[in-house]
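Let me begin by presenting the structure, written as structure tokens, before commenting on it.
Numbering (our numbering), first residue to last: 9 to 585.
Below, the structure written as structure tokens:
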């Protein structure tokens, strides 16, 4: 091979991680199954086609993390569901090992890709803001994903400013200004914190602790001196949800306290949140909010896989950013460290790692920062090929399991035996899925199997104790089974959770009237009328709409009862709903 061809081949190998990062961003940020499947196929296919005779390795903390996550599958209440999420972590770790074997030139391509994504996100945010629209970002409808690349790119450009010529400084300075403007346009608090943390880290790396603390103090003082209106805009204080994140973190800490070693299971933070959900009133409901992620990667990982998993991830990050401190590392190495600090800082307070592209950027950066491990080559490298085939098989298995679950979930609502078969298969993958379990509960109620319906409702109440609709369904099941006292307790529980749950209030009034407790029934009906006439925001979710739904026929019947009631008259024996 000629020297020119060899140089071209080396450049292509060095550029490969950056190309895969751009591909991940182009595929919707790897936020849905289709994008993840395409990326997994291309990445695994590349390794099998061009890298199968190479062996790769993880650093000690990431190797231990992989082993810990694998061991945690045994303790997960939903092992198949958790395996799907484990396969995602396997891909990130494989990408780390893949990036680790690239040469120093890979850092140049990587920095260019991260900065390009940041500039693209900044330009999009500025254009949207100029057009009077709220920035939606380049990945999904959440500007914070793009803002993560803005913050990383800004810090990386700042790392390259010292020691450059005037022309280069002008170029990097322009990039810094563009990305800073983009962060302001996106109004991303997490990205601002990430950029500030990374720049302070760079200052500490080059100049020492005192200058870094001085800059941090100056930034805090500048924020404190902002006019109240500007500070409120920046902190999003006008949005009632702006401080909800603190409650989510508190819920995550509750889950960590309950399961500190192996957590609740990979991918199951939603279950943790339902157990430790806090009331958050939006004008209609208190418990209508939900989340799939803790809005903090460390808290999310600790809640799902235990404190040791979070500690191992933090160890891997610290080892990467502190490697070579004080050894006179060049601007490229400093830029990579700035990327890692910015991404980790934003992920500590935001949901940005819910995008696979952002998480890939984090693991790829750590791989480029890790001590280089030249890949062992040769057709006789059987161990490397075996690990590669095992990795590809795990990716394929995870994708097939997830795809099968989505297919079975979609057909679970079909009538008859076909729907029942789909429901059973879907529940094997995710036994605690609220939608599926509620489908089974609804089927039991519709068939008149009230004993089974009550048992299903009781089981679900342990997983979703703050769900008022489950309490109402349990009341219906118990009433159908002849347990009026249990039905009354269920309706009271539903109204304790959501006082404006109109159909539950109506059901309680009906039940009290049937029990000839006219005074109590009249009081509940008066509360119902008051709640129904109250002015409130327009419901934006199915949860809120369901709370405000009022069965008109049953309501009219109660009106007639009230007119003729003397305190002992009963109404029709329809079941409360």
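All residues carry an ideal CB built from backbone N, CA and C; glycine is no exception.
These numbers were taken from a predicted model, which means no experiment stands behind them.
Between the alpha carbons of residue 518 and residue 530 lies a distance of about 10 Å. In this structure, the beta-carbon distance from residue 516 to residue 505 does not fall below 8 Å. Residue 63 sits in a strand when the DSSP states are folded into three classes.
For the stretch 90 to 154, the full-length alpha helix (DSSP H) segments reaching 4 residues or more read 113 to 138 along the chain. Around the CB of residue 282, 16 or more other CB atoms lie within 10 Å, so the residue is classed as buried. Judged by DSSP in its simplified three-state form, residue 538 adopts helix.
Counting C-beta pairs with one atom in each stretch, the stretch 277 to 296 and the stretch 95 to 107 have fewer than three that are closer than 8 Å, which means they do not touch. Remark: fewer than three beta-carbon pairs, one from each stretch, lie closer than 8 Å, so the stretch 169 to 181 and the stretch 146 to 157 are not flagged as touching. Below 8 Å, enough C-beta pairs join the stretch 345 to 365 and the stretch 134 to 152 to call them touching: three or more. Of the candidates 313, 488 and 275, the residue whose Cα lies closest to the Cα of residue 406 is 275. The beta carbons of residue 398 and residue 369 sit about 25 Å from each other, so the pair does not count as a contact at 8 Å.
By the neighbour-count criterion, in which a residue is buried when 16 or more other Cβ atoms sit within 10 angstroms of its Cβ, residue 474 is buried. Annotated three-state conformation of residue 25 is helix, per DSSP. Of all alpha-carbon atoms in 492, 121, 37 and 292, the one lying nearest the alpha-carbon of residue 524 is that of 492. Burial check for residue 180: the Cβ neighbour count within 10 Å reaches 16 or more, so the residue is buried. Secondary structure at residue 312: helix, using DSSP grouped into helix, strand and coil. Contact between residue 348 and residue 377 holds: CB atoms are separated by about 6 Å, below the 8 Å threshold.
When secondary structure is reduced to three states using DSSP, residue 358 falls in the coil class, being assigned neither helix nor strand. The beta carbon of residue 52 sits closer than 6 Å to those of 400 and 403, all from its chain and outside the five residues before and after it, given in chain order. With fewer than 16 other beta carbons inside 10 angstroms of its own, residue 291 counts as exposed. For a cut-off of 8 Å, the C-beta gap from residue 278 to residue 293 is around 18 Å, too long to register as a contact.
Along the length of the stretch 241 to 268, whole alpha helix (DSSP H) runs at least 4 residues long occupy 252 to 266, reported in chain order.
DSSP places residue 438 in the coil class of the three-state scheme, outside both helix and strand. If you ignore the 5 residues before and after residue 39, its C-beta comes within less than 6 Å of the C-beta of 148 and 363, all in its own chain and listed in chain order. If you draw a straight line from the Cα of residue 27 to the Cα of residue 76, it is about 30 Å long.
Taking the CA atoms as reference points, residue 427 sits about 13 Å from residue 445. Judged by DSSP in its simplified three-state form, residue 476 adopts helix.
Within a 10 Å sphere around the beta-carbon of residue 432 sit fewer than 16 other beta-carbons, which makes this residue exposed.
Taking a cut-off of 8 Å for Cβ pairs, the stretch 15 to 27 and the stretch 114 to 130 touch, as three or more such pairs fall below it.
Put simply, the stretch 483 to 492 touches the stretch 443 to 461. At least three CB pairs are less than 8 Å apart. The beta carbon of residue 102 is closer than 7 Å to those of 399 in its chain, skipping five residues each way along the sequence.
By the neighbour-count definition (other C-beta atoms within 10 Å, threshold 16), residue 142 is an exposed residue. Burial is judged here by how many other beta carbons sit within 10 angstroms of a residue's own beta carbon; residue 440 has at least 16 and is buried.
Residue 289 counts as exposed, since fewer than 16 other C-beta atoms from the protein chains shown sit within 10 angstroms of its C-beta.
Per DSSP, residue 507 lies in no alpha helix (DSSP H) segment and is marked neither H nor E. Membership of residue 69 in the alpha helix (DSSP H) is indicated by the continuous run 68 to 80.
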